[in-house]
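Step one of this worksheet: look at the structure below.
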Amino acid sequence: MAPGTVTPQVTGGDQDLNLTASAIEHKLGDKPSLGLNGSAPPKTPLAELDASKLTYNLTTNPRPVPDEATANTGTETVCTDHMITATWSAKTGWAAPELKPYGNLSLAPTASVLHYATECFEGLKAYRGFDGKLRLFRPDCNAQRMLMSTTRISLPAFPPKELEKLLLALMAVDGPRWLPKDRKGSFLYIRPTVIGTSAQLGVQAPHEAMLYIIVSFMPKMDSPAGGMKLHTSPEDTVRAWVGGFGYAKVGANYGPSLLATQEARKRGFGQILWLYGPEGYCTEAGASNFFVVWKTKEGKTQLVTAPLDDRLILDGVTRRSLLGLAKERLSDELEVVERRYTIDEVLQAEKEGRLVESFAAGTAVSCTQSYGLVRYHTKMLMFSLAVLHLPRLCYPPPWPRRYDPHGQR
Ligand SMILES: *Cc1c(COP(=O)(O)O)cnc(C)c1O
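Taking UniProt numbering, I'd label the letters of the sequence shown as residues 1 to 409.
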């Protein structure tokens, strides 16, 4: 699909003053051969990302494939033999992508990504099926989302279909050996990444960038016995905010969340349940989408999850798949509801014996059955059970307090 045909999900309405939304619209609407903002078209059209131009430089030194347990015990993520890189410059567009031996990148210390978080990524899995076939799970969704993320942070656009083809090309080379036939049901994790590489400290959109795709081992994140314990976020911390970028898979969303996660782990919890606003809206659990199954006071069973329209949460491929499956197959017994809901509503349901279950869903954690939906899981979709423990973090420290010049909280 050409970038020009992508309809950006900009906040609509009468407000036409949203600079970010307009910038995204312009960017997605720009054909590479047209000049920006109506200026004369450049003489040489900018090259599109083109998977058919992929060059192959295969390793002469393939590494032995470790068993999964060994691969996942070290402190360093183990990647496969190859990676794909493609560089982009504002002057020429995308260079031919290259499949080459996995190895370190070389970046100027002034590179944009190292200072201004011009980075976004994707995460999807390649599976060795029980039928012996290799499969990717909905890579088109990841490619589309990656375009949305790059666009949000002024990294270059690309036709998502070409990224999808590159994912397949890399898996075609490394998949057969790194997902051996005798490891049925195993998976590798694919991490496409785009970074701003311009060696310039000026705070501006990068004029050089690199797309790279690596493939790694990833531990199976089974829920601990009794389920994953969630700790609600500190009252003075939000993961994302309306008008922010919580909906994009950009690195800038994750680094700042680690402080709370680290503290929660010290207290014996697995992940943070990120709440939003004074109302305490439930948004996401760690870096996965969060769901609750409850009975309404009228006795109706609902699968409830945070909505996408306020752009606080990530539009997870697992989330989307799960809601689709639930609507398609469970509509007789379960109503699917995407709406804002508060932690108090969850607690109330718990108290009144109406809470059926809660679980987190995402590529990384899609591994354990949640007992309420186990009957309906597909090969690709299984959901981890999260048992909810909800102490609000108390103040004062160790949590830093929000700076408020008026002394109000
Ligand atoms: C990646 C991610 C998810 C899950 O998305 P999937 O496409 O299902 O893997 C959910 N929330 C956040 C914040 C994420 O980064």
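By construction, the Cβ of each residue, glycine as well, lies at the ideal position given by its N, Cα and C atoms.
Within 10 angstroms of its Cβ, does residue i collect 16 or more other Cβ (buried), or is it exposed?
i	result
residue 76	exposed
residue 190	buried
residue 379	Because the pLDDT at residue 379 is just 22, under 50, the model does not fix this residue reliably, and the point stays unresolved.
residue 388	Caution is warranted here: a pLDDT of 35 is assigned to residue 388, below 50, making its placement in the model unreliable, and no coordinate value can be reported.
residue 146	buried
residue 52	exposed
residue 344	exposed
residue 162	buried
residue 386	Residue confidence is low: residue 386 scores 38 on pLDDT, short of 50, so the model does not pin down where it sits. No coordinate-derived value is stated.
residue 175	buried
residue 306	buried
residue 364	buried
residue 119	buried
residue 70	exposed
residue 108	exposed
residue 142	buried
residue 56	exposed
residue 144	buried
residue 328	exposed
residue 137	buried
residue 166	buried
residue 6	For residue 6, the predicted model reports a pLDDT of 33, less than 50, meaning its position is unreliable and no value from the coordinates is stated.
residue 192	buried
residue 283	buried
residue 164	buried
residue 211	buried
Of the residues the options, which one's Cα is nearest the Cα of residue i?
i	options	result
residue 54	130, 175, 213	213
residue 339	45, 304, 361	304
residue 201	90, 111, 332, 79	111
residue 194	241, 94, 235, 63	94
residue 355	301, 365, 309	301
residue 209	196, 221, 220	196
residue 49	63, 308, 85	85
residue 207	244, 157, 238, 182	157
residue 180	312, 337, 66	66
residue 97	87, 105, 104	87
residue 115	263, 198, 328	198
residue 280	80, 260, 346	346
residue 264	285, 252, 244	285
residue 79	45, 299, 63, 106	63
residue 68	182, 113, 83, 131	182
residue 299	288, 131, 352, 308	352
residue 232	211, 204, 262, 135	262
residue 342	288, 278, 297, 332	278
residue 442	45, 204, 58	As displayed, the chain neither begins before 1 nor continues past 409, which places residue 442 out of reach and without an answer.
residue 47	159, 81, 92, 74	92
residue 221	160, 184, 287	287
residue 177	333, 323, 330, 81	81
residue 257	245, 274, 312	274
residue 203	266, 113, 283	113
residue 60	350, 45, 102	102
residue 90	72, 155, 129, 134	155
Starting from residue i, follow its DSSP beta bridges and name the residues at the other end.
i	result
residue 288	285
residue 195	119, 210
residue 148	Answer is none; residue 148 lacks a bridge partner.
residue 86	211
residue 93	47, 89
residue 337	304
residue 188	126
residue 79	216
residue 101	82
residue 313	Answer is none; residue 313 lacks a bridge partner.
residue 274	284
residue 56	99
residue 266	Note: residue 266 sits in no beta bridge, so no partner.
residue 342	281
residue 136	126
residue 111	199
Tell me, to the nearest whole angstrom, how far the beta carbon of residue i is from that of residue j; I am working on the premise that it is less than 8 Å.
i	j	result
residue 247	residue 314	6 Å
residue 238	residue 276	6 Å
residue 310	residue 242	5 Å
residue 234	residue 252	About 19 Å separates the two Cβ atoms, so there is no contact after all.
residue 187	residue 229	At roughly 25 Å, the Cβ-Cβ gap does not stay under 8 Å, so residue 187 and residue 229 are not in contact.
residue 184	residue 132	7 Å
residue 140	residue 159	At roughly 12 Å, the Cβ-Cβ gap does not stay under 8 Å, so residue 140 and residue 159 are not in contact.
Under 7 Å: does the beta carbon of residue i sit that close to some heavy atom of ligand 3?
i	result
residue 220	In terms of ligand content, the structure shown lacks ligand 3 and carries ligand 1 instead.
Spell out a yes or no on whether the region 319-333 and the region 264-275 are touching, meaning 3 or more CB-CB pairs, one atom from each, closer than 8 Å.
The region 319-333, when compared against the region 264-275, does not touch it at the 8 Å Cβ threshold.
Whether or not the region 351-364 and the region 281-300 are in contact is what I'm after, with contact meaning three or more pairs of Cβ atoms, one per stretch, closer than 8 Å; do they touch?
Verdict: yes, contact present.
Does the region 166-178 touch the region 205-220, meaning 3 or more C-beta pairs lie closer than 8 Å?
The region 205-220, when compared against the region 166-178, does touch it at the 8 Å Cβ threshold.
Between the region 146-155 and the region 116-133, are three or more C-beta pairs nearer than 8 Å?
With a cut-off of 8 Å, the region 116-133 and the region 146-155 count as touching, because enough Cβ pairs lie within range.
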